[in-house]
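In order, the protein sequence lines correspond to chains S and P. By the count of my numbering, the first sequence reaches residue 357 at its end, each step adding exactly one. By the count of my numbering, the second sequence reaches residue 11091 at its end, each step adding exactly one.
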Amino acid sequence: MAVELDVFVGNTTIMDEEVYQLWLDGYTVNDAVKARMDAGVLEECEADADVLLSDTMDQYRTFQMCERLLQSPAKLANQLLFQITPHRQVMLIERYYAFDDTFVREVLGKKLSKGTKKDLDDISAKTGVTLKSCRRQFDNFKRVFKVVEELKGPLVENIRQHFLLSDKLARDYAAIVFFANNRFETGKKKLQYLTFQDFALCAGQLINNWTVGAVDNMVEDMDVDLDKEFLQELKELKILIADKDLLDQHKSLVCTALRGKTKAFAEMEANFKNLSRGLVNIATKLTNTKDVRDFFIDLVEKFIEPCRSDRWTAADIKLYLTHYTNSAHILDPFKHQAVWDRYMGVIKSCIFIMYHD
Amino acid sequence: MPGKLKAKIVAGRHLPVMDRASDLTDAFVEVKFGNTTFKTDVFPKSLNPQWNSEWFKFEVDDEDLQDEPLQITVLDHDTYSANDAIGKVYIDIDPLLCTEAASVISGWFPIYDTIHGIRGEINVLVKVELFNDLNRFRQSSCGVKFFCTTSIPRGYRAAMVHGFLEELVVNEDPEYQWIDRIRTPRASNEARQRLISLMSGELQRKIGLKVLEMGGNAVVGYLQCFDLEGESGLVVRAIGTACTLEKLTSGSLASAHTHPNTAPASNACNSPSKDGKEPVFGEDLPSSSGPPTPFRALPTSSSSPPPFSPCKPCSRQSSSSDTDLSLTPKTGMGSGGSAGKEAGPLKTLLRQQTQTALEQREFPFFTLTSFPPGFLVHVGGVVSARSVKLLDRIHNPDEPETRDAWWEEIRQEIKSHAKALGCHAVVGYSENTSICEEVCILSASGTAAILNHRYMREGCLDIGSTDQRFEDPSPPSCGFCHIPYDELNMPFPAQLTYCYNCRRQKVPDVLFTTIDLPAEAAVTGKGCLIQARLCRLKKKAQGEVNATVISNLLPFMEYELHTQLMNKLKLRSMNALFGLHIQISVGENMLLGLASATGVYLTALPAPGGIQIAGKTTGDMSNEQHILTIQKRINDTIARNKELYQINPPELTEEGVGSPIPEPRHRSRLFRSHSESSDEVSELDLSHGKKDAFVLEIDDTDAVEDIHSLLTDASPPAGFHSCNTETMPGIYNWTTAVQMFTSVRVLRLSNANLSNQSLNKIFTDLCENLLKSFYFKLRSMVPCCLCHLNFNVAVPEEELIQVSVTAVAMTFDKDQTQERPAERFITKGGSETDEQLQFSLELCADSSSTNSQPSSRISGTVSLFTPAAKLCQSQLVVVHSTGVPENTIVSSRAASVDYGSFADRCSTWLELLRLKAHTIRRGSVKTSRRTQSLAHSVSSLEHCSPLTEGRSRSVRSSRSFGGSPVTMVKMTPLSFLPGTRNIKYLGIINMFFIRETTSLREEGGVSGFLHSFIAEVFAMVRAHVAALGGNAVVSYSMKDCVLMENPNKNQAQCLINVSGDAVIYVRETDQEPTASMTNMGQSLCAADGAT
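What follows is the structure in structure tokens.
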């Protein structure tokens, strides 16, 4: 006695959110049935394992048929095959494009290529996210990347419109695209302590301030590529460390302002030159793609680690960086105020985000 | 009468990639109707082409308009090789031919390919201009409205119910033609789809002609079926009920709800005695001890008095110019003024008349399952007939006489069964077939009944209110249960008691019917789905031998199904079955029988006794013990069910009621017989002889199994109810959430050596598990009821059992269920009296300006009456209207004069049509050739249709463009959506699709294949409804789902046929401005909707 065929089709497509999540998480039908049983679905209504299996199969089939539409969410709204209420559609899309932070952390900044896809089983083993789910998430990244690559206009807005995602999710995708495009190194051991959300926030800062889009909002790739002109201008900041007088003047201004306001004053004074050199060097090297990739690792090595070893508090960092930035304005011979602000604004925010007590 | 069909191709979207190199498509469209084809330009390199074509115009005969679908083919242009087809859309333009239905078809249609399924969508605009004035148009067969709904569609009233319609057309199946060996599967499928589309168009047109011949304007309960007879051909057949429907306008709305038997007060005072003696007339008929036997066809009944009162003056028929099929007696009747005096003789005369009226018809059958109040007088019981036939090749498709004769034979049998039950009509009538290789079982079933004659005659209904007091005196809540046959001369042994409701007439102990529970019926507690399931193995055989084996098995199957039904009914402590549908399916090595019905406890019928188990051998202690435990289980189950279904009949002091000790009773409401090819007719008495029906004897293991299986039927989980009728008795407060679904399950019997018993168990489990699955899937809708559960079984091939189910889950408000019923009856009664009053008054006021003053004064103050005052008021008014019969005559005469002239024109026109019909012959698909000449002859008429511009302006092409979200289209197998009103019927949806695959594994196996196909069918139905401007399909049904698979070859093929009525509904709360003045009518609609 074998069930040869078993289907159930509703005029309004029936989708159980729980099963949908299991499907998204890459559970096999049998695992999903087991998970549902463990969740106690059988107790709440009189049913047996066969019923559960049949239901799960049906739903899995439905999801599989829907998947094609979910990959271009705009189609879901005006396709005719499945009758799904609008709020249900929103849920389906949002969940389909949702991702695991642990997974995305692994591929963040990597090239979204076949090569990376081959490594997915390792990532799956490492993160505990099923391979199926890894593939879906990876393909989502790739798909979004491919679509927005060719579009003009603001990145987040493009993602939101093309994939009908919530603002939050669209921002996360923008970060992923941005990281993938610039190939930022995030996998080094020293960066392991940072979460995806840390990077996403940094990406937001970079997108809003350092890209072409920050000045001109109708260019292709405007939010994806860093503003080349700006990067060139950053070279001018070298004077802050190259000119010894300027460096000393800067230091005394900062120290005057900080004196008595923090316990870490002594360390700040002692480290000023080192730290300043570190930050300015990062700025001047950003014209090299290689150094752009190392942006975060440089920030950690050149600034965050020394501060941490001196046990600065987050408040100390904030105080220091504020005065460090502002004091540069008072430096007479320093003419690059605009570039300095644009640079330090992002650096400051990124360091705040990345500095975990 | 020709017309101009215009089509415009606007745009496409989501097209598939046809050119791998560019990942794009160069699409163009061919638009074909009949033999004319137009093409759009190629829209290069786009998956979302914007053709925005000109209007393609087809000048065609209306016959073709009815028969042919508009065929739209989307292709990919290829410069070097043949163009590749992307897919097709067939659009049935029939809804455009009826003035009251849709005026334009405009919307996105899925582009369908029989191999690939849906491949993108296309936006199309279609219009029809008919070159004739409205009157002429109405006379053509195109004007006839079709409804799948098996009741009078909401928003209409039946001015007259004419009767049974049947037609069939046959053709060779393209799948079995020699050419099929050389053409592609796609070409073959498309040929088949097209042929069936043509055949059903033709069938519909022919049925339409018959309706016009009868003088009707609509077909209600239209049921079309396909018989895929394989080598021997393809039969498309249809049955339906011809009616004259009138659309309810604000004025007529009130009158439509005026029904004769809803004035209990006047009934009670006017006719304290039974049998419809009217003290009003001061008649002195001898009272009879027997029950009434109205229209009794059996000669034995002649002694009882005619219960039907004369219909007074209104029975006069002025439409003598009607067509020959008119059922109206042409005798002129005495004028109304003398009604009182002439009552006696008139009565006899009238009775003869109505009797002959019904007998004039070849078959007094009605495919309706629910009726306007008062239509159904008595119900006799289920009548069914089956016949086993051997299929032979239809040599000449133009002469399908054999098929006709087969059905004729069966219908005669049904008719004679109904007669034996003392009934003159059969309601809830349906026909179906089961085919396996060359053997075919034809089945027909219905419910024998006595109908109110008023609906059979024209004109009468309009002044029916004066009629009502003379009608059957039984209260509407139990009248239909009263036996129609003669107590002393019963057609079968049955236990009769006096009606527990009115105490005046006799009722049987159980009642089986195929109809829906009448809305006015008094029911105790709730109902539930009851199924009897049965498998019977048979030896494989060929030809005659096979047919004989099957026909020998049939009576036993019917007997067992009946026994199962009866036992399960008792187990639930219920006494009546509604919506009974018995399906017997034949396979190569087995027969499957499935009987589904909704069990209820009718208050009018006696309480069923328990079930007693008896052992054969006494003295054996262990056996005795065993029997005792079973008996206890049964008693427990009964007690539990009583609680579950809230069956607490009012305690009656009479002895014997509710007694746990079964009295000897007999069961048989089911009259059946079967005949073989040899015409041998055998009748089977299912009354179990003189044996006690309640005692189940355990004499062997089989019996034990039977009893166990009886107890295995699980009741629905908490919060769920199920029934196979339109709605559930006992639930009235529906909310608006509905979920229609189709589910199919196929089981492979791996074990070759199965016994009947184990097979039964497998089949029962299959059905039970399906139900369990539904409950689980729909658990979020609780509290809810699965309505119209329609099970369909088939044996697609050896060792396979297929069950397909279509049903709708509807939610209801739980809190109110407990209190509502009682309250409902009061309010409903109140509102109906209200209605009646309104009507009577209107009648008086309308009838003549010379009418007596009081009535008009009353009409002025009516709205001020309190409900309590209304009752007596209505009585008063009724007296008034009888007092002034002349006035009513005036109005009816005026109406019929008009009709007469119409009929005159009609008959000449009909002759013309009939002539045509003869030249075409049934089954011929060659008619399209004649189109040309006719189309030419009328082209000169082209200019004279100023209508065109006005119509085209109404088309909002803006709505057709993409971006806008898809309209949600609700679907339901019921005739209504709860909490809504159907404000417009847009036409019938009747679609046939074939899907085939050669990559079964890739599509997810058979389940994946069928799942997407069913989803596609739903999508196409919804798209068509939306294009007609509708937002729902009511009376939806999936009539066929034929699946053939060959997993080894990675192939599968499936055929699906669906139908329904496209409607526009509005929520009850959204009042339409035009209808707002008819508040009363609406409130009644609401009440209807809730029942």
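Note that CB positions come from ideal geometry on N, CA and C, so glycine has one too. Just so you know, these numbers come straight off a predicted model, no measurement behind them.
Please list, in chain order, the residues of the region 10107 to 10120 of chain P that have any C-beta partner in chain S closer than 8 Å.
Answer set for the region 10107 to 10120 of chain P: 10108, 10110, 10118.
Flag residue 10389 of chain P as yes if its beta-carbon sits less than 9 Å from any beta-carbon of chain S, otherwise no.
It does not; no Cβ of chain S falls within 9 Å.
Could you give the distance in angstroms between the alpha-carbon of residue 11 of chain S and the alpha-carbon of residue 10740 of chain P?
Computed Cα separation, rounded: 5 Å.
Tell me the DSSP secondary structure of residue 27 of chain S in three-state form.
Of the three classes helix, strand and coil, the one that applies to residue 27 of chain S here is coil, per DSSP.
Would the region 10520 to 10536 of chain P and the region 10578 to 10595 of chain P be scored as touching if the rule is three or more Cβ pairs under 8 Å?
Segments in contact, yes.
Tell me where the beta strand (DSSP E) around residue 10118 of chain P begins and ends.
Start and end: 10117 to 10130.
I'd like the list of long-range same chain contacts for residue 276 of chain S, defined as Cβ closer than 8 Å, with 5 residues on each side in sequence excluded.
For residue 276 of chain S, where only same-chain residues beyond five positions count, the Cβ hits under 8 Å are 240, 241, 247, 250, 251, 324.
In the DSSP assignment, find the unbroken alpha helix (DSSP H) run with residue 10577 of chain P in it and report its ends.
Looking at the DSSP string, residue 10577 of chain P is not in any alpha helix (DSSP H); the run it does join, the beta strand (DSSP E), is 10576 to 10586.
Evaluate residue 10628 of chain P with the Cβ neighbour count: other Cβ atoms within 10 Å of its Cβ, from every protein chain shown; 16 or more gives buried, anything less gives exposed.
When all chains shown are included, residue 10628 of chain P counts as exposed.
Hey, quick one: how far does the alpha helix (DSSP H) through residue 11092 of chain P stretch, first residue to last?
Given a span of 10001 to 11091 for chain P in the structure shown, any question on residue 11092 of chain P remains unanswerable.
Starting from the N-terminal side, write out each stretch of the beta strand (DSSP E) that is 3 residues or longer and does not extend beyond the region 10490 to 10521 of chain P.
Entirely contained in the region 10490 to 10521 of chain P, the beta strand (DSSP E) runs reaching 3 residues are, in chain order, 10496 to 10498, 10506 to 10508.
Are the C-beta atoms of residue 64 of chain S and some chain P residue less than 9 Å apart?
Yes, its Cβ sits closer than 9 Å to a Cβ of chain P.
Count the CB pairs spanning the region 10982 to 11001 of chain P and the region 11045 to 11059 of chain P that are closer than 8 Å, and state whether there are at least three.
The region 10982 to 11001 of chain P, when compared against the region 11045 to 11059 of chain P, does touch it at the 8 Å Cβ threshold.
To which residues of the same chain is residue 11001 of chain P closer than 7 Å at the C-beta, ignoring the five residues directly before and after it?
Excluding residues within five positions, the ones whose Cβ falls inside 7 Å are 11050.
Excluding the 5 residues flanking residue 257 of chain S on each side, which residues of the same chain have their C-beta closer than 6 Å to its C-beta?
Excluding positions up to five away in sequence, the list reads 323.
Could you tell me which chain P residues have their CB closer than 8 Å to the CB of residue 304 of chain S, listed as they occur along the chain?
The contacting residues do not exist; residue 304 of chain S stays about 47 Å from chain P at best.
Along chain S, which residues have their Cβ under 8 Å away from the Cβ of residue 10722 of chain P?
By Cβ distance, chain S contributes nothing, its closest Cβ being about 14 Å from residue 10722 of chain P, past 8 Å.
Excluding five sequence neighbours on each side, which residues of the same chain lie with their C-beta closer than 6 Å to the C-beta of residue 15 of chain S?
Correct list: empty, nothing qualifies.
Would you mind telling me which residues of chain P sit closer than 7 Å to residue 7 of chain S, beta carbon to beta carbon, in chain order?
Going along chain P in sequence order, the residues near residue 7 of chain S (Cβ under 7 Å) are 10743, 10744, 11007, 11010, 11011, 11014.
In the DSSP output, what is residue 10056 of chain P paired with across the bridge?
Its beta-bridge partners are P:10007.
Contact between the region 60 to 77 of chain S and the region 11007 to 11021 of chain P: three or more CB pairs below 8 Å?
Judged by Cβ distances under 8 Å, the region 60 to 77 of chain S makes contact with the region 11007 to 11021 of chain P, as three or more pairs qualify.
Contact criterion: CB-CB distance below 9 Å. Does residue 10774 of chain P meet it with respect to chain A?
In the structure shown, chain A cannot be found, because the protein chains are S and P.
Terminal residues of the continuous beta strand (DSSP E) containing residue 10108 of chain P?
Run containing residue 10108 of chain P: 10105 to 10113, per the beta strand (DSSP E) assignment.
So, helix, strand or coil for residue 10757 of chain P, using DSSP?
Residue state, collapsed to three classes: helix.
Taking one C-beta from the region 10438 to 10445 of chain P and one from the region 10478 to 10485 of chain P each time, how about it: are there three or more such pairs within less than 8 Å?
The region 10438 to 10445 of chain P, when compared against the region 10478 to 10485 of chain P, does not touch it at the 8 Å Cβ threshold.
In chain S, which residues lie with their C-beta within 8 Å of the C-beta of residue 10966 of chain P?
Within chain S, the residues near residue 10966 of chain P are 77, 78, 79, 80, 83.
Measure the beta-carbon distance from residue 11025 of chain P to residue 11033 of chain P and round it to whole angstroms, keeping in mind my assumption that it falls under 8 Å.
Yes, residue 11025 of chain P and residue 11033 of chain P are in contact; Cβ-Cβ is about 6 Å, under 8 Å.
Go through its chain and collect everything with a Cβ distance to residue 278 of chain S's Cβ below 7 Å, but skip five positions before and after it.
Once the five neighbours on either side are set aside, the close Cβ partners of residue 278 of chain S are 302, 303.
Would you say residue 10575 of chain P and residue 10602 of chain P are within 9 Å of each other, going by their C-beta atoms?
It is a contact, given that the beta carbons lie within the stated cut-off.
Using a Cβ-Cβ cut-off of less than 9 Å, give me the residues of the region 9 to 33 of chain S that come near chain P, in sequence order.
So the close ones are 9, 10, 11, 12, 13, 14, 16.
For residue 10798 of chain P, tell me which candidate among P:10381, P:10015, P:10541 has the shortest Cα-Cα distance.
It is P:10541.
My parser needs the alpha helix (DSSP H) runs of 4 or more residues fully inside the region 119 to 198 of chain S; what are they?
Those alpha helix (DSSP H) runs which fall completely within the region 119 to 198 of chain S and span 4+ residues are 120 to 127, 131 to 149, 155 to 163, 167 to 182.
Nearest-angstrom Cα distance between residue 10209 of chain P and residue 10041 of chain P?
The alpha-carbon atoms of residue 10209 of chain P and residue 10041 of chain P are separated by roughly 40 Å.
Just to confirm, is the Cβ distance from residue 10427 of chain P to residue 10369 of chain P under 9 Å?
Taking 9 Å as the Cβ cut-off, residue 10427 of chain P and residue 10369 of chain P qualify as a contacting pair.
Does chain S have any CB closer than 9 Å to the CB of residue 10739 of chain P?
Chain S, which has a Cβ nearer than 9 Å to the Cβ of residue 10739 of chain P, makes this yes.
For residue 52 of chain S, would you say it is in contact with chain P, using Cβ-to-Cβ distances shorter than 9 Å as the test?
It does; some Cβ of chain P falls within 9 Å.
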